[in-house]
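J.: In terms of the UniProt record's numbering, the sequence shown is numbered consecutively and its last residue is 306.
Backbone N, C-alpha and C fix where the C-beta goes; we use that ideal spot for every residue, glycine too.
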Amino acid sequence: MKQTQLWSVVTLSTTVLGLPSVGRAATTNGNSTTSGETASSDAVNVKKSQSLREKLTSRGIVTEIHPHNLAGRQAATLYIRNIPFLTFVSQADISNPTEKASAIAAKINQLITNKVDASQITVSWKAASYIIKVNGKELVEIDGDTTRLPDTTNNLSQDALQATNRLRRLIDVTHALNQINSIPLPPQEPIKQPQQVKKPPQQNASEKVQATSKGMASYYSYEGGNRTATGERFNPQGFTAAHRSLPFGTLVRVTNTGNGRSVVVRINDRGPFIRGRVIDLSLGAARELGMISNGVAAVKLEILSN
Numbered sequence: 001m002k003q004t005q006l007w008s009v010v011t012l013s014t015t016v017l018g019l020p021s022v023g024r025a026a027t028t029n030g031n032s033t034t035s036g037e038t039a040s041s042d043a044v045n046v047k048k049s050q051s052l053r054e055k056l057t058s059r060g061i062v063t064e065i066h067p068h069n070l071a072g073r074q075a076a077t078l079y080i081r082n083i084p085f086l087t088f089v090s091q092a093d094i095s096n097p098t099e100k101a102s103a104i105a106a107k108i109n110q111l112i113t114n115k116v117d118a119s120q121i122t123v124s125w126k127a128a129s130y131i132i133k134v135n136g137k138e139l140v141e142i143d144g145d146t147t148r149l150p151d152t153t154n155n156l157s158q159d160a161l162q163a164t165n166r167l168r169r170l171i172d173v174t175h176a177l178n179q180i181n182s183i184p185l186p187p188q189e190p191i192k193q194p195q196q197v198k199k200p201p202q203q204n205a206s207e208k209v210q211a212t213s214k215g216m217a218s219y220y221s222y223e224g225g226n227r228t229a230t231g232e233r234f235n236p237q238g239f240t241a242a243h244r245s246l247p248f249g250t251l252v253r254v255t256n257t258g259n260g261r262s263v264v265v266r267i268n269d270r271g272p273f274i275r276g277r278v279i280d281l282s283l284g285a286a287r288e289l290g291m292i293s294n295g296v297a298a299v300k301l302e303i304l305s306n
C-alpha cells in the first residue's frame, strides 16, 4: 500500500507438507538515510521478492504470514490472497504462533491446488469454540483467544461465521453461509457495541458526479497510527481509501453492487497494487459496505466534485 515502505518476502523456516509459508514485513522507511550501495541492494531484493511471489502464486501458494505482537504476546496473522484470514496468538504451550499459522497455510495451499469444492467448507460449534471443516474434516479451531478473527466483531459465533465465509470466497466463488447449524441457543456471547464513528458529511452525496467506474474493492486492516501517503496517520475506523491515481482529498462514493450499500470516502493513500482491484478501503468504510466477511466486493465508484 504505502509508497514510503519497501516490502520484502521472506521464507519462514517452518514448512508443512513441503509447501513453504511466506511472511511479509516492512523493512525500510523511505526517509532513512542510506548509502547508494544499500539502496541498490534493496531494489534488487524487492525484485527478487516480487519474482518469488509470482512463482509461489503460480504453484498455488497464495498464503502469507505476518508475524507481529498483540497486547504483549507473539502473534501471526495468516493472509489469503492479501486478505487477513485468522490471527494466531501465543500461549503457554505454543511458543511460536507462526508455526501453527504455517501448518494451516500449508493445508489451505493444498486445498487450492486440489481445487476443493468451497461449498464443502463449513463451521460447527464445539463446547466453547468453533471448528472450520473441509469435507467433514477439521481444518482449524477458533476459540477467540489463541485463534481469532483479525477484525473481530467481539462475538465469537459471528467471528467464526465470517472467517468461514471469507475462506469459502477466497478459495472459490460460492454463496455465503448465514448461520451455524449446531450452535446451541441460548446462550450467546455478549455483543460489544462498536464505537460510533463520525461519518463524513453526507450532503456530498448530492453533488455532481464527475466520473464513474466499476471494479473490485478490498480493505486493509493495518493498525492505527501508521502514516498514509499523504503523511497523515491512518485511522482504521475512518472513512478513507487508497486509489492509484485520484488526487488526495478526492471524495468518492463507493457502492457495493451486491447489497446496494454505499459510503463516501476521502482518498488519502495510494494503492491497491493488485490486478483487478480499483480501490482499497479502510476497515470502517468496508464495514459500512457490509464486505468484511468476504474481504472483497464488486463496487461502483462515483467521483464527486469538491
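Please report the Cβ distance between P97 and P150, rounded to the nearest whole angstrom; I am assuming they are in contact, meaning their Cβ atoms lie under 8 angstroms.
T.: Wrong, their Cβ atoms sit about 13 angstroms apart, outside the cutoff.
J.: Beta-carbon within less than 8 angstroms of S282's beta-carbon, same chain only, minus the 5 sequence neighbours each way: which residues are those?
T.: Hits under 8 angstroms: Y219, Y220, F234, N235, P236, Q237, G238, F239, T240, A241, V265.
J.: By DSSP's criteria, A297 is part of a beta bridge. Which residues make up the other side?
T.: DSSP lists A217 as partners of A297.
J.: How about I65 and A105: do their beta carbons lie closer than 8 angstroms?
T.: The answer is yes: Cβ separation under 8 angstroms.
J.: Using the Cβ count rule (16 or more neighbours within 10 Å means buried), how would you classify N109?
T.: N109 comes out buried.
J.: Looking at C-beta atoms only, is the number of pairs between the stretch 155-164 and the stretch 274-291 that lie closer than 8 angstroms three or more?
T.: Result no; under three Cβ-Cβ pairs closer than 8 angstroms.
J.: Is DSSP giving R270 helix, strand or coil here?
T.: In the structure shown, R270 sits in coil (DSSP, three-state: anything other than H, G, I, E or B).
J.: Just to confirm the assignment, what range does the alpha helix (DSSP H) spanning I142 have?
T.: Segment 137-142 is the beta strand (DSSP E) holding I142; no alpha helix (DSSP H) there.
J.: Could you give the C-beta distance for V123 and G215, rounded to a whole number, given that I count them as a contact under 8 angstroms?
T.: Their Cβ separation, rounded to whole angstroms, is 30 angstroms, which puts V123 and G215 out of contact at 8 angstroms.
J.: To the nearest angstrom, how far is it from the Cα of L301 to the Cα of Q91?
T.: Between L301 and Q91, the C-alpha separation is close to 44 angstroms.
J.: Measure the CB-CB distance between T112 and T164 and report whether it falls below 8 angstroms.
T.: In the sequence as presented, Thr is not what sits at residue 112; that position holds Ile. No, they are not a contact pair.
J.: Tell me the rounded alpha-carbon separation between N135 and T87.
T.: One C-alpha to the other measures close to 23 angstroms.
J.: So the candidates are D280, R261, G295, V254; which of them puts its Cα closest to the Cα of I303?
T.: Among D280, R261, G295, V254, the Cα nearest to that of I303 is on V254.
J.: Taking the alpha-carbon positions, what's the D145 to N294 distance?
T.: So the two alpha carbons sit approximately 22 angstroms from each other.
J.: Please return the same chain residues whose Cβ sits closer than 8 angstroms to the Cβ of L70, not counting the five positions on each side in sequence.
T.: T87, V89, listed in sequence order.
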